[in-house]
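Protein chains: 2
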Amino acid sequence: MATTLEKTVQEMGDMSISAYGKARSTISGKPLSDEENKKMTEFFKASMYLCLGMIFLKDNPLLRDPLTTDHLKRRLLGHWGSDAGQSFTYIHMNRLIKKYDLDAMFISGPGHGAPAVLSMSYMEGVYSEVYPDKKEDTEGMRRFFKQFSFPGGIGSHATPETPGSIHEGGELGYSISHAFGTVFDHPDLISLTMVGDGEAETGPLATSWHSTKFLNPITDGAVLPVLHLNGYKINNPTLLARISHKELEALFIGYGWTPYFVEGADIPSMNQAMAATMEHCILEIKKFQKQARDSGQAFRPRWPMIVLRSPKGWTAPRMIGEHFLEGFWRAHQVPVPDAIKDKSKLKILEDWMRSYKPERLFDENGALRKDLKELAPQGNRRMSANPVANGGLLRHKLHMPDFRNYSIQVQKPGVSMFGSMLNFAKFLRDMVKDNPHHFRVFGPDETESNKLAAVYEASKKVWLGDYFDEDSDGGNLAFSGRVMEMLSEHTVEGWLEGYILSGRHGFLNSYEPFIHIIDSMVGQHCKWLEKCAEVDWRAPVASLNLLLTATVWRQDHNGFTHQDPGFLDVVANKSPEVVRIYLPPDGNCLLSVMDHCFRSSNYVNVVVADKQDHLQYLNMDAAIAHCTKGLGIWDWASNDQGMEPDIVMASCGDVPTHESLAATALLREHLPELKIRFVNVVDLFKLMPKWAHSHGLNDREYRAIFTDDKAVLFNFHSYPWLIHRLTYRRKGQHNLAVRGYKEKGNINTPLELAIRNGTDRFSLAIDAIDRIPGLGNKGAGVRERLMNERIWAANYAHHEGMDPEELTKWVWPY
Amino acid sequence: MATTLEKTVQEMGDMSISAYGKARSTISGKPLSDEENKKMTEFFKASMYLCLGMIFLKDNPLLRDPLTTDHLKRRLLGHWGSDAGQSFTYIHMNRLIKKYDLDAMFISGPGHGAPAVLSMSYMEGVYSEVYPDKKEDTEGMRRFFKQFSFPGGIGSHATPETPGSIHEGGELGYSISHAFGTVFDHPDLISLTMVGDGEAETGPLATSWHSTKFLNPITDGAVLPVLHLNGYKINNPTLLARISHKELEALFIGYGWTPYFVEGADIPSMNQAMAATMEHCILEIKKFQKQARDSGQAFRPRWPMIVLRSPKGWTAPRMIGEHFLEGFWRAHQVPVPDAIKDKSKLKILEDWMRSYKPERLFDENGALRKDLKELAPQGNRRMSANPVANGGLLRHKLHMPDFRNYSIQVQKPGVSMFGSMLNFAKFLRDMVKDNPHHFRVFGPDETESNKLAAVYEASKKVWLGDYFDEDSDGGNLAFSGRVMEMLSEHTVEGWLEGYILSGRHGFLNSYEPFIHIIDSMVGQHCKWLEKCAEVDWRAPVASLNLLLTATVWRQDHNGFTHQDPGFLDVVANKSPEVVRIYLPPDGNCLLSVMDHCFRSSNYVNVVVADKQDHLQYLNMDAAIAHCTKGLGIWDWASNDQGMEPDIVMASCGDVPTHESLAATALLREHLPELKIRFVNVVDLFKLMPKWAHSHGLNDREYRAIFTDDKAVLFNFHSYPWLIHRLTYRRKGQHNLAVRGYKEKGNINTPLELAIRNGTDRFSLAIDAIDRIPGLGNKGAGVRERLMNERIWAANYAHHEGMDPEELTKWVWPY
């Protein structure tokens with residue numbers, strides 16, 4: 001079973017991995033005339049000049065005066081290292097956009113190299129169109145330079161203020177998954193994606209290369225990745241730049257791509273190599289697409305990708321004094337950081353900037369020379385003007401079936417058992433059916449486990465890998481489908497973000513405990529949305545909808561590692577303008593909440609709902625009313641009508657609501673004279689003060705529900721402290737006791753787990769008795785009895801296995 | 001520049017990727033005698049029998065009676081799918097451990113296949129030694145079966161209760177990085193690591209294959225990964241099982257390994273193939289190690305790895321009724337889930353279990369047949385008994401230089417500026433020097449950026465990749481070194497966890513915003529530690545020390561994406577028994593805190609400290625006293641001595657302390673009659689009630705510091721709500737106002753950023769005036785003046801660049 005590849009191992013390491021010298025490339029040829037080559041070089045130099053200008057200058061933008069420290073920003077910020085490679089790549093794509101009238105956008109993985117992207121947008125004229133105060137003249141250029149990484153200005157990544165960007169890249173690792181998100185269902189789009197070799201070391205990026213196994217060449221567009229072997233991170237060489245050429249080649253072949261190499265530092269020969277190689281790649285993409293589209297037969301091509309090996313900080317001086325600059329990590333950030341303090345360094349900077357000959361690149365008004373500007377495409381073909389990167393503009397209308405048609409029949413609250421998720425799955429199925437081109441369902445291999453398999457009646461899971469015989473036995477795989485599953489929360493989240501930001505709709509379902517894996521991704525998306533809201537030309541995009549299930553309270557079998565409801569804390573830290581958290585207590589509420597989330601825009605909606613069978617409480621009208629209010633008193637479970645309650649039993653989350661209702665029933669059975677008010681919260685941020693969150697109740701509204709002097713026993717889905725954090729300003733907060741998950745768990749039955757955390761019916765009823773004064777001997781007797789029942793219930797499972805049926809099949813008795 | 005690999009692309013996809021049939025393997029040979037082969041098969045079947053027993057039985061363990069539903073657990077739980085492959089691999093390693101006297105341990109990536117690991121531990125006798133109530137007899141086996149995934153029993157992963165496990169695998173993705181952590185500085189250890197093909201899709205796992213670039217063959221041991229191409233996840237095929245054989249081979253060659261394939265389902269031939277292949281791999285490992293050790297010249301070998309392709313649920317019936325079981329995703333979890341309800345299924349289960357012939361594998365007492373038991377190694381050579389997997393047993397004493405010797409001289413509080421991190425770096429350097437074999441520094445490419453470069457005076461960064469000329473210009477790379485940097489927070493965290501759990505010490509430094517990337521990993525480690533504390537044979541391990549810097553308040557240049565101090569919220573949700581959070585206000589406190597953290601065990605210590613120059617406040621004696629108390633009144637900054645204060649100015653975190661002190665100075669300058677108490681908090685959990693956290697203050701202690709009726713203005717490093725969450729039960733909580741990061745930021749100067757979030761000196765002083773009654777016109781005048789100063793300070797930067805020096809060089813005036 002020896003193979004060809006095995007033998008190649010012997011030969012590995014026999015090629016240069018230097019970024020210097022004349023160009024070396026997999027594809028050779030000289031597609032550029034000398035004139036073209038010269039102009040592209042000048043365009044490239046103009047871009048490099050602008051990059052340096054952004055990093056250093058607040059005045060004297062075209063160096064028409066001798067450079068002095070007065071022209072420099074007081075604090076020098078920004079990243080130079082990846083600018084040249086990014087600009088170089090962008091320029092070469094421009095040539096092909098014009099030649100083949102391509103619909104393309106640019107994703108900048110090493111977002112810290114924003115000067116490259118900004119310079120392109122400025123030279124294409126888009127920047128001045130979007131920001132008229134940054135005209136294509138000397139004063140406009142001065143402002144364009146000064147605002148960069150300057151207080152009150154724009155950031156040093158491809159932030160939301162950057163035309164053409166859907167990917168900021170402050171946190172690294174998501175360029176490829178974002179790029180794939182943009183091209184799904186955009187069959188004509190090519191997303192040119194720069195991947196930094198630093199970024200390439202991250203886990204999320206490393207697995208996202210597999211995305212081609214989910215790309216349909218008929219209905220989806222293409223991603224053309226350019227792995228930028230820049231050689232260095234902040235202070236270290238990059239792994240991929242320090243392995244043999246053949247190892248690198250094998251790696252990408254293994255990932256399923258066909259890698260094409262372009263390596264070197266000599267600009268004219270690099271232009272020819274890149275022009276030939278990129279054109280080859282574009283033609284390959286077109287060929288694969290044509291083959292699939294003509295035949296109607298999807299397949300997984302070995303899509304082309306480019307490995308661009310060029311010196312870090314390319315075109316900078318190779319050495320400054322005794323230290324390496326170009327081609328070393330010192331070129332990563334500000335390349336001459338002491339220019340402001342050291343006159344000799346200022347001179348080096350000035351000479352370097354003048355070496356690009358700005359006086360020849362820009363005309364006397366300060367605009368890019370006309371014949372150079374013609375190298376860029378026109379109108380929306382300019383990558384920085386592609387409306388896909390302002391996806392809200394393209395946002396498709398989502399066809400929503402009427403969720404009321406999927407109602408669960410509830411004759412009487414708390415009597416019938418039903419799976420809320422199973423029921424929602426039917427609504428989801430029809431959404432998939434009604435939106436065949438702009439709505440997708442994402443998940444890390446859990447859609448079926450999460451009881452959403454009904455969607456497969458409408459559409460299968462996309463799968464471009466190989467097929468086996470047994471796949472027909474419930475495999476639900478297809479070349480085209482609306483469900484996307486890969487065991488990488490990072491990748492599916494990245495796809496979804498890219499899909500939404502380019503104008504479509506979708507949602508992700510995941511096990512609650514493992515959503516923490518993408519804490520930082522969701523945080524970054526929140527930040528993106530928040531900044532977009534400040535950028536007036538950004539059109540609203542669909543909300544990011546996260547449905548969390550397999551929740552903490554039903555992780556009895558998976559145990560402690562699967563018990564973590566803390567994602568809500570992470571989300572609650574983000575701006576109240578973008579985050580929403582809903583915990584529907586039953587199936588009709590879940591429908592109502594999801595309908596609302598799908599219709600909303602510019603939010604991150606987090607919905608938590610259990611996937612097991614549950615008691616159902618509200619008929620559809622009641623559910624809509626309840627979810628619209630976001631919280632409310634459940635009269636049918638309360639007996640304080642027209643009076644002050646002795647205690648408020650509050651709940652948030654389906655399992656805690658179930659236990660809290662059971663506790664209320666126990667109290668009403670044993671202590672019928674008690675006046676109990678039952679409150680349920682769906683919309684968590686209702687608890688916040690009005691001034692802190694737009695959903696928040698004002699104090700009067702809050703008091704009307706929770707009182708400000710009665711005991712409130714709040715049973716919460718997540719860690720209990722989150723409720724205290726939201727309510728610490730409320731007058732009655734001293735009377736508020738919150739129960740929730742307190743990191744106590746193992747292989748426990750649901751009831752046992754609840755008991756360990758004090759969220760079970762018995763503990764809650766005991767808790768309530770302890771909080772209501774004046775119950776005397778009768779109260780003590782009931783307390784004793786409940787203590788015994790709790791012990792019995794907890795012990796039962798230890799001998800028999802799991803929960804006695806009489807406990808899980810409990811119904812509301814009134 | 002065409003290459004060999006390029007041509008292989010043409011040939012790809014031409015080999016079978018079936019898991020069925022006779023064995024096919026890269027290495028052939030028949031190292032096993034028929035007798036050996038037969039015994040290994042029987043050992044394997046015994047393991048399979050035990051796995052089924054764990055999943056199904058609570059009684060009748062050896063099926064000496066006909067199987068009835070009474071013998072079954074009421075709720076069937078556990079995972080069957082990966083058990084066979086794991087046991088098969090483990091058994092083959094046993095053969096080589098005996099033959100070559102190897103020091104080996106086993107890491108189970110697909111931790112859900114714990115039955116395999118548990119069965120091995122039981123058959124080796126370790127389980128009964130550790131848990132004497134689970135003897136090697138019929139009653140012991142019954143208990144062993146029943147406890148599995150049973151209420152009050154053990155979990156269905158390789159939990160801390162599992163002898164030989166350092167890796168639970170509930171959350172997937174960390175097996176390889178954990179494994180590498182165990183073998184660094186353990187030159188004789190081989191960590192045999194099963195990687196599930198589901199797990200292999202995760203980002204963290206996908207990049208962790210690069211770990212070989214950091215492994216020194218002289219001083220480190222080896223990881224032998226076995227990628228288990230099991231074919232399926234919960235409901236989907238796995239990516240790596242559905243690509244061509246050659247793509248797969250190329251992928252691992254690209255990652256830097258030499259992959260050896262063992263594929264098939266026929267047990268006797270699979271035994272021969274695996275025996276030959278694994279022996280070849282072990283000899284390769286030995287050869288590489290000998291080559292490096294004999295020559296004294298480290299290098300990066302293309303280490304061997306094994307790809308084991310076997311059917312999911314191997315040895316189960318291929319079909320049940322019309323549905324596939326073995327070799328399909330239905331074999332993932334409980335393979336005959338309705339055995340308890342359906343008699344025909346019960347019969348299928350019984351026949352299947354009997355097909356292993358338990359009566360021939362176990363003797364009449366219920367113990368494994370003696371001649372089979374002899375296949376396992378003896379004593380600590382048994383993988384489930386390797387003390388490395390109970391690393392606390394091996395924990396090396398950490399040689400700690402006296403941190404007092406690194407004191408920053410502080411004559412007067414708040415006058416001199418110094419870099420706390422730069423100073424700590426010298427202490428760290430000497431720790432590295434004094435602990436050359438069991439202490440390492442980990443970080444994602446930020447150690448130098450985080451001002452810790454002094455460590456390179458003691459030891460360089462490990463780097464087994466290629467070297468370039470410019471590396472000598474400050475590259476700090478070496479074949480052996482104590483600093484480990486890769487741009488993957490996941491990988492470095494995984495290495496550190498593995499390193500600690502196998503008995504060593506270390507710490508990780510990271511940018512604060514991106515530590516969210518490993519929220520879930522740290523959460524899982526907390527859970528691991530918490531469970532270990534309940535397992536009496538688990539010896540304490542060194543704490544996991546996380547030093548977070550490049551904090552939110554100094555991310556002015558990187559902007560909004562780099563501003564997230566919310567990791568503390570994630571950590572604070574974990575059990576108070578294992579988490580500790582420290583925010584030292586200055587350099588001497590940082591030393592004292594870090595010394596404490598390094599000496600501690602079984603905690604996750606999170607330390608947040610800025611890396612820029614800062615005012616220094618406490619001399620070493622004062623710092624030690626302050627850190628020992630964890631919080632305290634700073635008399636030198638207070639003027640309420642012997643009196644009730646008008647206000648308590650409290651702070652936690654270095655930047656907030658600086659601003660809070662400056663606000664105090666402003667108040668004392670303008671309103672000298674005010675009595676101000678200044679409080680600083682180092683140990684965050686001091687704020688919690690004593691009953692909720694062992695560090696917490698009781699109410700009397702809390703009142704003595706914060707009062708219970710005066711205004712407290714608390715300036716906090718992180719999101720302000722965390723303080724409310726910790727103090728909601730304190731009597732004075734209504735008087736407590738907390739300022740912190742509120743998700744307001746962009747490219748702002750430090751002062752501007754503080755102003756936007758209300759944590760700057762001016763806002764705090766104004767805030768304080770608003771909270772103190774009776775300041776009358778004078779107060780109003782001062783307020784007005786401070787408002788103007790705030791506007792001036794904020795605007796200044798917009799015109800000039802960054803902060804005016806007079807503000808950053810502020811000193812304490814009293």
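Residue numbers (the UniProt record's numbering), protein chains in the order written: chain U, 1 to 814; chain F, 1 to 814. Think of the CB as a built atom: it goes at the ideal place given N, C-alpha and C, for glycine as much as any other residue. Computed from a prediction, not measured in an experiment: that's the story for all the values here.
Would you mind stating whether F/Phe567 and F/His516 have Cβ atoms separated by less than 8 Å? Yes. Within cutoff.
Under the three-state DSSP convention, the category F/Leu775 falls into: It is coil, neither helix nor strand.
Measuring only between beta-carbons, confirm whether F/Gln291 sits less than 8 Å from chain U. Cβ-Cβ to chain U under 8 Å: no for F/Gln291.
Assuming U/Ser763 and U/Ile755 make a contact with CB atoms under 8 Å, what is their CB distance in whole Å? The C-beta separation of U/Ser763 from U/Ile755 comes to about 6 Å, placing the pair in contact by the 8 Å criterion.
What residues of chain U sit near F/Arg242, judged by a beta carbon separation below 7 Å? Taking the beta carbon of F/Arg242 as reference, the chain U residues within 7 Å of it are Gly465, Asp466, listed in sequence order.
I'd like the list of long-range same chain contacts for U/Gly256, defined as Cβ closer than 8 Å, with 5 residues on each side in sequence excluded. Taken in chain order, the residues that qualify are Trp209, His210, Thr212, Lys213, Arg300, Arg302, Trp303.
Along chain F, in chain order, which residues have C-beta atoms closer than 8 Å to that of U/Ser651? Going along chain F, no residue has its Cβ under 8 Å from U/Ser651, so there is no contact; the nearest lies around 19 Å.
Could you tell me the distance, in whole angstroms, from the CA atom of F/Met305 to the CA atom of U/Gly745? Rounded to whole angstroms, the separation of the alpha carbons of U/Gly745 and F/Met305 is 37 Å.
List the DSSP bridge partners of U/Asn680. DSSP, once it has assigned bridges, lists U/Gly632, U/Ser651 as partnering U/Asn680.
Under DSSP, the alpha helix (DSSP H) around residue 821 of chain F begins and ends at which residues? No statement about residue 821 of chain F is possible, as the shown extent of chain F runs from 1 to 814 and does not include it.
Check whether chain U comes within 8 Å of F/Asn230, counting only Cβ atoms and requiring the distance to be less than that. The Cβ of F/Asn230 sits no closer than 8 Å to any Cβ of chain U.
I need the straight-line Cα distance from U/Ala84 to F/Leu248, nearest angstrom please. The alpha-carbon separation between U/Ala84 and F/Leu248 amounts to approximately 34 Å.
Alpha carbon of F/Phe418 to alpha carbon of F/Thr664, nearest angstrom: One Cα belongs to F/Phe418, the other to F/Thr664, and the distance between them is close to 21 Å.
Three-state secondary structure (DSSP) of U/Tyr100: U/Tyr100 falls in the helix class under three-state DSSP.
Sequence ranges, beta strand (DSSP E) only - wholly within the stretch 318–380 of chain U, length at least 3: For the beta strand (DSSP E) assignment, the stretch 318–380 of chain U encloses no uninterrupted run of at least 3 residues.
When DSSP builds the beta bridges, which residues end up paired with F/Ile107? Partner(s): F/Thr193.
Own chain, CB closer than 7 Å to F/Ser601, minus 5 neighbours either side, in chain order: Around F/Ser601: Pro540, Val541, Ala542, Ser543.
Straight-line CA distance for U/Glu448 to U/Leu325? If you take the alpha carbons of U/Glu448 and U/Leu325, they lie about 54 Å apart.
F/Asn619: which of F/Leu591, F/Gly630, F/Asn639, F/Val607 sits nearest, CA to CA? If you compare the alpha carbons of F/Leu591, F/Gly630, F/Asn639, F/Val607 with that of F/Asn619, the shortest gap goes to F/Leu591.
Quick check: the stretch 570–586 of chain F against the stretch 368–385 of chain F, are there 3 or more CB pairs under 8 Å? No contact exists between the stretch 570–586 of chain F and the stretch 368–385 of chain F.
What's the gap between the Cα of F/Leu452 and the Cα of F/Asp445? Their Cα atoms are separated by approximately 11 Å.
Do three or more CB pairs link the stretch 64–71 of chain U to the stretch 334–354 of chain U at distances below 8 Å? Yes, since at least three Cβ pairs between the stretch 64–71 of chain U and the stretch 334–354 of chain U fall closer than 8 Å, the two stretches touch.
Is DSSP giving F/Met278 helix, strand or coil here? Here F/Met278 sits in helix by DSSP.
Shortest alpha-carbon distance to F/Pro225 belongs to which of F/Pro237, F/Gly443, F/Lys246, F/Val183? Of the candidates F/Pro237, F/Gly443, F/Lys246, F/Val183, the one whose C-alpha sits nearest the C-alpha of F/Pro225 is F/Val183.
At a CB-CB cut-off below 7 Å, which residues of chain U make contact with F/Asp721? The question names Asp, but residue 721 of chain F is Trp in the sequence shown. Going along chain U in sequence order, the residues near F/Trp721 (Cβ under 7 Å) are Arg725.
Chain U beta carbons: is any one of them nearer than 8 Å to that of F/His614? False, the Cβ-Cβ gap to chain U never drops below 8 Å.
Going by the beta-carbon positions, is the gap between residue 831 of chain U and U/Val738 smaller than 8 Å? Outside the displayed span of chain U (1 to 814) sits residue 831 of chain U, for which this structure offers no information.
Is the CB of U/Tyr20 under 8 Å away from at least one CB in chain F? Interface with chain F (8 Å Cβ-Cβ cutoff): U/Tyr20 is excluded.
Just to confirm before moving on: does the CB-CB distance between F/Tyr131 and F/Met353 stay below 8 Å? No, they are not a contact pair.
Can you list, in chain order, the stretches of the beta strand (DSSP E) that have 3 or more residues and sit fully within the stretch 425–450 of chain F? Along the length of the stretch 425–450 of chain F, whole beta strand (DSSP E) runs at least 3 residues long occupy 439–443, reported in chain order.
Residues near U/Phe706 by beta carbon distance below 8 Å, same chain, minus five either side: Only Val648, Ala650, Val679, Val712, Arg730, Gly732, Leu736 meet the Cβ criterion.
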